[in-house]
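Take 1 as the starting number for the sequence shown in full-length UniProt numbering and just add one per residue.
What follows is a single structure, written as C-alpha cells, with notes after it.
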Amino acid sequence: MSVTGPSANITAIERLSELELQQGIIGPSSWHHQYKDSCYIYIGGLDKRMTEGDIVIVFSQFGEPIDVHLKRDRKTGASLGYCFLGYKDQRSTILAVDNFNGCTLLGRRIRVDHVLDYKAPVEYEDEEDDEGNKIRKEYTPTGAEGQGIGKYYVTSSEAVLREAHHHRPKPQSNPQDNLDEDERWAQEFEASLRKDSTPDDDAKKHDRRSSSRSRHRHRERSRERHRKREDRERRRSRSRDRSRHEHRSDRRDRHRDSRRYR
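Right under this line is the structure:
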C-alpha cells in the first residue's frame, strides 16, 4: 500500500473491505485473492500484557490457529505489541482481516492484515557443526496451545479444566432425550389432551358409549323379531299351499269317481 502509518493502514484496509461489501466483489476480483497461498495474518497494536494464549483465544472465533509468533524483546522477553498468527484454513484469514481490523481490544485499536510471504523466525542450536557454524533449528508451528499442531490440553489451565470435566457427575439419562423433535411434540400434545379432559367430558364420553351400545342392542332385537316374523309368514304360506293342493286333489278324485259310476 502507498499509505504509511498504523492508522492510515487500518483505514485503507477498512475502505477496501467496505468497497467489496458494497459491490459484492468475491473470488479472484477480491483484494484478498492475492493472499490465497498464505495462511498468516499480521496483528499490530496489541496491549503488551497479552500473551500468546490470549491472542489465540480472541482470534480462534474465525478459525483454528495453528501457529502464533508474538514478537518479544530478546533481552527482557517483554512483548513488542505485535505478532503473526497462522490459521489451519486460509479462508479464516479473510474473516479475521474483515472483522478484526480497526477493532478496539483492551482500549487499543488494532491492525489486522494479510501476510504475503511469512518468514518463520530463525533460531539456532547451542551447539555448532563440524565447521564451527551455528546449527539452525527446524521451525515447527506452535499450535493453539504452544506444543505443536493438533496437541491440546497441554497447558496447566486446560489440564485442570479437562480433569474437572471428567469428574463431574453424569446427568441421569432421560428417555425423552432419545426422541426426535416430532415424536416429542406428539407425546406432549397427547399429554396435554389428557390433561385438558375434565370429569364432565369423561362422563359425556361414557354416556355416549352407553347410548351407542343401547341403540345397537335395540337394533339387534328388532332384526331378530323381524326374522322370526318372516319365518312364521313363510311357514304359514307353505301350509296354505299344501292345504290348497290337497283340496284340489280330493276334488279331482271325487270327480273321476262320479264319472266312473255313471
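Built from N, CA and C at the ideal position, the CB exists for glycine as well.
Worksheet item: Going by DSSP, what residues sit across from residue 83 in a beta bridge?
Response: Looking at the DSSP assignment, residue 83 forms a beta bridge with 43, 70.
Worksheet item: What's the C-alpha gap between residue 114 and residue 89?
Response: In this structure, the CA atom of residue 114 is about 14 Å from the CA atom of residue 89.
Worksheet item: Should residue 97 go down as buried or exposed, given a rule of 16 or more other Cβ atoms within 10 Å for buried?
Response: That one is buried.
Worksheet item: Just how far apart, CA to CA, sit residue 68 and residue 56?
Response: Approximately 8 Å, taken between the alpha carbons.
Worksheet item: Counting along the chain, where does the beta strand (DSSP E) carrying residue 111 start and finish?
Response: For residue 111, the enclosing beta strand (DSSP E) begins and ends at 111–114.
Worksheet item: Looking only at C-alpha atoms, which of 79, 120, 122, 34 sits nearest to residue 93?
Response: When 79, 120, 122, 34 are compared, the shortest CA-CA separation from residue 93 is found for 34.
Worksheet item: Hey, how far is the Cα of residue 149 from the Cα of residue 53?
Response: For residue 149, the pLDDT reaches just 49, beneath the cut-off of 50, and the residue's location in the model is therefore unreliable, leaving the point undetermined.
Item to complete: Tell me, please, whether the region 14–25 touches the region 71–79 by the rule of three or more beta-carbon pairs shorter than 8 Å.
Response: The region 14–25 vs the region 71–79: no contact.
Worksheet item: From residue 116 to residue 9, what does the alpha carbon distance come to, in whole angstroms?
Response: Taking the straight line joining both Cα atoms gives about 15 Å.
Worksheet item: Nearest CA to the CA of residue 120: which residue from 181, 42, 47?
Response: Residue nearest to residue 120 within the set 181, 42, 47 is 42 (criterion: CA-CA distance).
Item to complete: Count the other C-beta atoms from every protein chain shown that fall within 10 angstroms of the C-beta of residue 13, then say buried if there are 16 or more, exposed otherwise.
Response: Using a 10 angstroms sphere on the CB of residue 13, the tally of other CB atoms reaches 16 or more, which defines it as buried.
Worksheet item: So, helix, strand or coil for residue 169, using DSSP?
Response: It is coil, neither helix nor strand.
Item to complete: Let me know the secondary structure DSSP gives residue 128 once reduced to three states.
Response: Strand at residue 128.
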